[in-house]
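Q:
Protein chains: 2
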Amino acid sequence: MKSFVISSRLSCMIISALCALLFFISHAHGQTDPLPSWNDGPAKQAIIQFVQDTTDQASPKFVPPEARIATFDQDGTLWVEHPIYTQVMYCLERVPAVVKAKPELKNVEPFKTVLSGNREAMAKLSMKNLEKILAATLTGMTVDEFNAEVKKWIETARDQRWKRPYTALVYQPMLEVLSYLRANGYKTYIVTGGGQDFVRVYSEHVYGIPPEQVVGTAGGTKYGYAKDGKPFLTKEPKLLLNDDNTGKPEGIHLMIGRRPYAAFGNSTGDRQMLESTKAGDGARLSMIVLHDDAKREYAYGPAQGLPATKVGAFTQALYDEAKKQGWTVISMKNDWKVIFPFENK
Amino acid sequence: MKSFVISSRLSCMIISALCALLFFISHAHGQTDPLPSWNDGPAKQAIIQFVQDTTDQASPKFVPPEARIATFDQDGTLWVEHPIYTQVMYCLERVPAVVKAKPELKNVEPFKTVLSGNREAMAKLSMKNLEKILAATLTGMTVDEFNAEVKKWIETARDQRWKRPYTALVYQPMLEVLSYLRANGYKTYIVTGGGQDFVRVYSEHVYGIPPEQVVGTAGGTKYGYAKDGKPFLTKEPKLLLNDDNTGKPEGIHLMIGRRPYAAFGNSTGDRQMLESTKAGDGARLSMIVLHDDAKREYAYGPAQGLPATKVGAFTQALYDEAKKQGWTVISMKNDWKVIFPFENK
Numbered sequence: 030m031k032s033f034v035i036s037s038r039l040s041c042m043i044i045s046a047l048c049a050l051l052f053f054i055s056h057a058h059g060q061t062d063p064l065p066s067w068n069d070g071p072a073k074q075a076i077i078q079f080v081q082d083t084t085d086q087a088s089p090k091f092v093p094p095e096a097r098i099a100t101f102d103q104d105g106t107l108w109v110e111h112p113i114y115t116q117v118m119y120c121l122e123r124v125p126a127v128v129k130a131k132p133e134l135k136n137v138e139p140f141k142t143v144l145s146g147n148r149e150a151m152a153k154l155s156m157k158n159l160e161k162i163l164a165a166t167l168t169g170m171t172v173d174e175f176n177a178e179v180k181k182w183i184e185t186a187r188d189q190r191w192k193r194p195y196t197a198l199v200y201q202p203m204l205e206v207l208s209y210l211r212a213n214g215y216k217t218y219i220v221t222g223g224g225q226d227f228v229r230v231y232s233e234h235v236y237g238i239p240p241e242q243v244v245g246t247a248g249g250t251k252y253g254y255a256k257d258g259k260p261f262l263t264k265e266p267k268l269l270l271n272d273d274n275t276g277k278p279e280g281i282h283l284m285i286g287r288r289p290y291a292a293f294g295n296s297t298g299d300r301q302m303l304e305s306t307k308a309g310d311g312a313r314l315s316m317i318v319l320h321d322d323a324k325r326e327y328a329y330g331p332a333q334g335l336p337a338t339k340v341g342a343f344t345q346a347l348y349d350e351a352k353k354q355g356w357t358v359i360s361m362k363n364d365w366k367v368i369f370p371f372e373n374k
Numbered sequence: 030m031k032s033f034v035i036s037s038r039l040s041c042m043i044i045s046a047l048c049a050l051l052f053f054i055s056h057a058h059g060q061t062d063p064l065p066s067w068n069d070g071p072a073k074q075a076i077i078q079f080v081q082d083t084t085d086q087a088s089p090k091f092v093p094p095e096a097r098i099a100t101f102d103q104d105g106t107l108w109v110e111h112p113i114y115t116q117v118m119y120c121l122e123r124v125p126a127v128v129k130a131k132p133e134l135k136n137v138e139p140f141k142t143v144l145s146g147n148r149e150a151m152a153k154l155s156m157k158n159l160e161k162i163l164a165a166t167l168t169g170m171t172v173d174e175f176n177a178e179v180k181k182w183i184e185t186a187r188d189q190r191w192k193r194p195y196t197a198l199v200y201q202p203m204l205e206v207l208s209y210l211r212a213n214g215y216k217t218y219i220v221t222g223g224g225q226d227f228v229r230v231y232s233e234h235v236y237g238i239p240p241e242q243v244v245g246t247a248g249g250t251k252y253g254y255a256k257d258g259k260p261f262l263t264k265e266p267k268l269l270l271n272d273d274n275t276g277k278p279e280g281i282h283l284m285i286g287r288r289p290y291a292a293f294g295n296s297t298g299d300r301q302m303l304e305s306t307k308a309g310d311g312a313r314l315s316m317i318v319l320h321d322d323a324k325r326e327y328a329y330g331p332a333q334g335l336p337a338t339k340v341g342a343f344t345q346a347l348y349d350e351a352k353k354q355g356w357t358v359i360s361m362k363n364d365w366k367v368i369f370p371f372e373n374k
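Okay, structure coming up:
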């Protein structure tokens, strides 16, 4: 027993020495810019200050590693949401396969309109009709079938403007924030109004965020058995969590159970997540992306006189609340050197 | 740039050397028994074999670190559930405070019976009446108020038989399994029929499992604002997830989104979690605790002729399924050297 104690102490000493050396190496590397795609300015400064404050044990704002939670909206915050949410594109493009399996839907609205391919008519579909399409394309299949379909689609589908996979249209500066926070002990979460199951298919690959750290709009599933006795889950058309607006802090409570220290959004649907994050004690960072770069991406508000939009609206009232509550507004035009990873290649 | 590349390469070499050394040290220590409270036998062997198979890169059953998920039922699997679930004790002991705040409940059933302190009458309360008590003591307050109440109670309440805090009545052998799995890259989750918010209050402290890795029966919350404008969440009497029976794999899908590689339970409420875990590809470990030790803890089944119980029933049909499906039955009497951590002190 004694020899074990000595060997254990010796190992501890060795490990301590190694840790010090590792710290020295990482510290030396830490001199390089963690956010190279960000222009110097208040937004970049706010992120760096927040990380320094919450990870320095000598700081009154120090946050213990286990409490370091950061949440990110997806559409319009981590990737492009215009002219239409990517998941809605998925649903529209799934309609032919759904109709093929159920030919009786062929001449029934809204499927008829979607099959016509008339984009103008599709853009005018009512919310009720859109919900019918979502229900038909997102529920009724097994979880495994759904995951396989989304995986296949996300690998092959292309955005109309850039002719690239949707997953290439992520914001390089935000990828750097994700990495920077994780390198400083933060658990990064997606908290999206989009479908939880949809985003989980690619979140690890695209953002380095594992499925269990994706919170989104979620429906129920139903447990059953195949003919061979193997159990499986079927996606049901029953809404459990509408993860938008007040649903975001409610979803964070349900799925994480702690208040985030940092939250990132871009539209009215993120307001409650940003204000509840900022309402916590100590250092809290709430940031909101303003799409003000029509040339490199899109420009929409209607905050600051930008054109109004139905997809990802950022109202002037939200802009005013951001200023009042001390959230930092990120100007895509002024704060970001590049928008997409492929610009660096 | 060139010097950075060289220094980066050099660091990599140093780090590799350090890792090799660390591996050597940990490997040397690995010779010590990771499960010292387990008797040698098929249960202990199954756990060790599973960990070796899934963490050895040369094994065909190797599981990449990000997919290593293990789920544990709580009541009767990680801690004592007899004679009554700990959370139900909390609810019963909260009744006087609830009645003090709402005196009109004083002469209304089932509150009247609980206030009487007549344990025999309380044991006979119908499920409907029990639900009234749960609703009155688990909902209607803010999330922060609830957390504070549970924290205070769990620190002061005592079990009648051992005269110890409930959190002392955790199973030492299972704590070792949790640590052993985590040391081998597994994310450990609680998947409980009990209240998610209740367990999250103490899970990190007691089991080393952070709140975001607790899946349990969950109700809705409602976002609102205090007079000073600060937002808060109120616990609503609206069931979102009944995390028992089929609700366990459904809850795992909702909250984790991947199939576990290992699952541990002890009663019919865990059946679907255990069978869906075992139904996955590759190495999968499903284990079930049999309470067959009346002397050191409790003995109940009714599997194997043990006395029947309403709390945590382990039927003979479940025992037969365990044998048929290749789940490993853990005999508390035969597999565990000690039951509780305090026996070692």
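Chains A and B, in that order, give the protein sequences. Here my numbering runs 29 ahead of the position in the first sequence, where the first position is 1. Here my numbering runs 29 ahead of the position in the second sequence, where the first position is 1. Note that CB positions come from ideal geometry on N, CA and C, so glycine has one too. Remember, it's a predicted structure, so these values are computed and weren't measured experimentally.
With distances taken Cα to Cα, identify the nearest neighbour of D226/A among T168/A, Q189/A, D257/A and K277/A.
A: T168/A
Q: Nearest by alpha-carbon distance to L207/B: which of K264/B, K161/B, V358/B and W108/B is it?
A: W108/B
Q: Go ahead and label D321/A buried or exposed: buried means 16 or more other beta carbons lie within 10 angstroms of its beta carbon, across all protein chains shown.
A: buried
Q: Pull up the DSSP beta-bridge partners for F343/A, would you.
A: P331/A
Q: For the beta strand (DSSP E) containing V243/B, name the first residue and the last one.
A: V243 to Y254
Q: Using the rule of at least 16 other Cβ atoms within 10 Å of the residue's Cβ for burial, across every protein chain shown, is F52/A buried or exposed?
A: For F52/A, the pLDDT reaches just 49, beneath the cut-off of 50, and the residue's location in the model is therefore unreliable, although a value from the coordinates is still provided. When all chains shown are included, F52/A counts as exposed.
Q: Rounded to a whole number of angstroms, what is the C-alpha to C-alpha distance between E95/B and P239/A?
A: 8 Å
Q: Please compile the residues from chain B whose C-beta is within a distance smaller than 7 Å of the C-beta of T250/A.
A: E279 and H282
Q: Let me confirm a value: Y254/B is counted as buried when at least 16 other C-beta atoms fall within 10 Å, else exposed. Which label applies?
A: exposed
Q: Alpha carbon to alpha carbon, what distance is there between V179/A and Y119/A?
A: 8 Å
Q: Please confirm if the region 285-296 of chain B is in contact with the region 264-271 of chain B, defined as three or more CB-CB distances below 8 Å between the two stretches.
A: no
Q: Check each candidate in V220/B, V172/B, Y236/B and T221/B and name the one with the smallest Cα separation from A197/B.
A: Y236/B
Q: Assign I230/B to one of three DSSP states: helix, strand, or coil.
A: One point to set straight first is that residue 230/B is Val, not Ile, in the sequence displayed. Secondary structure at V230/B: coil, using DSSP grouped into helix, strand and coil.
Q: Compute the Euclidean distance between the alpha carbons of R193/B and G341/B, then round it to the nearest angstrom.
A: Cα to Cα, R193/B sits roughly 21 Å from G341/B.
Q: Shorter than 8 Å from the beta carbon of E174/B to some beta carbon of chain A?
A: no
Q: Decide if F91/B is buried, meaning its Cβ has at least 16 other Cβ atoms within 10 Å, or exposed.
A: Exposed, since its Cβ has fewer than 16 Cβ neighbours within 10 Å.
Q: Which ranges would you report for the alpha helix (DSSP H) in the region 171-223 of chain B if only whole runs of at least 4 residues count?
A: Runs of the alpha helix (DSSP H) inside the region 171-223 of chain B: 172-185 and 201-212.
Q: So which residues of chain B does L262/A contact, with C-beta pairs closer than 7 Å?
A: P278, E279 and H282
Q: Between the C-alpha atoms of A72/A and S232/A, what's the straight-line distance to the nearest angstrom?
A: 25 Å
Q: Is the CB-CB distance between K264/A and G248/A below 8 Å?
A: yes
Q: So, is G105/A buried or exposed, given that buried needs 16 or more other C-beta atoms within 10 angstroms?
A: buried
Q: For H234/B, count neighbouring C-beta atoms within 10 Å of its own C-beta (all shown protein chains included) and say buried if the count is 16 or more, exposed if not.
A: So H234/B ends up on the exposed side.
Q: On the DSSP letters alone, give me the boundaries of the alpha helix (DSSP H) that A87/B sits inside.
A: Counting along the chain, A87/B falls outside any alpha helix (DSSP H), and DSSP gives it neither H nor E.
Q: How far does the beta strand (DSSP E) with G294/B in it reach, from first residue to last?
A: A291 to G294
Q: Please classify G298/A: is it buried, with 16 or more other beta-carbons within 10 angstroms of its beta-carbon, or exposed?
A: buried
Q: Identify, in the order they occur along the chain, each residue of the same chain with its Cβ nearer than 7 Å to the Cβ of A126/A, setting aside the five sequence neighbours on each side.
A: none
Q: What in chain B is Cβ-close to Q301/A, meaning under 8 Å?
A: Y252 and P260
Q: Check the Cβ-Cβ distances between F52/B and every residue of chain A, and say whether any is below 8 Å.
A: For F52/B, the predicted structure reports a pLDDT of 49, less than 50, and the residue's modelled location is therefore unreliable. The matter cannot be settled from this model.
Q: When you compare only the Cα positions, how much space is there between E205/B and R229/B?
A: Those two C-alpha atoms are separated by around 20 Å.
Q: State yes or no: is the beta carbon of P239/A nearer than 8 Å to at least one beta carbon in chain B?
A: yes
Q: Is it buried or exposed for M316/A, if we count other Cβ within 10 angstroms and need 16 for buried?
A: buried
Q: Three Cβ pairs or more, each shorter than 8 Å: is that satisfied between the region 65-79 of chain A and the region 350-361 of chain A?
A: yes
Q: So, is the C-beta of R211/B closer than 8 Å to a C-beta in chain A?
A: no
Q: Assuming S66/A contacts V367/A under a Cβ cut-off of 8 Å, what Cβ separation, rounded to an integer in Å, is found between them?
A: 5 Å
Q: Applying the 10 Å Cβ sphere with the 16-neighbour rule, what's the burial state of K374/B?
A: exposed
Q: My understanding is that D272/B touches V244/B, with C-beta atoms under 8 Å, so please give their C-beta distance in whole angstroms.
A: 6 Å
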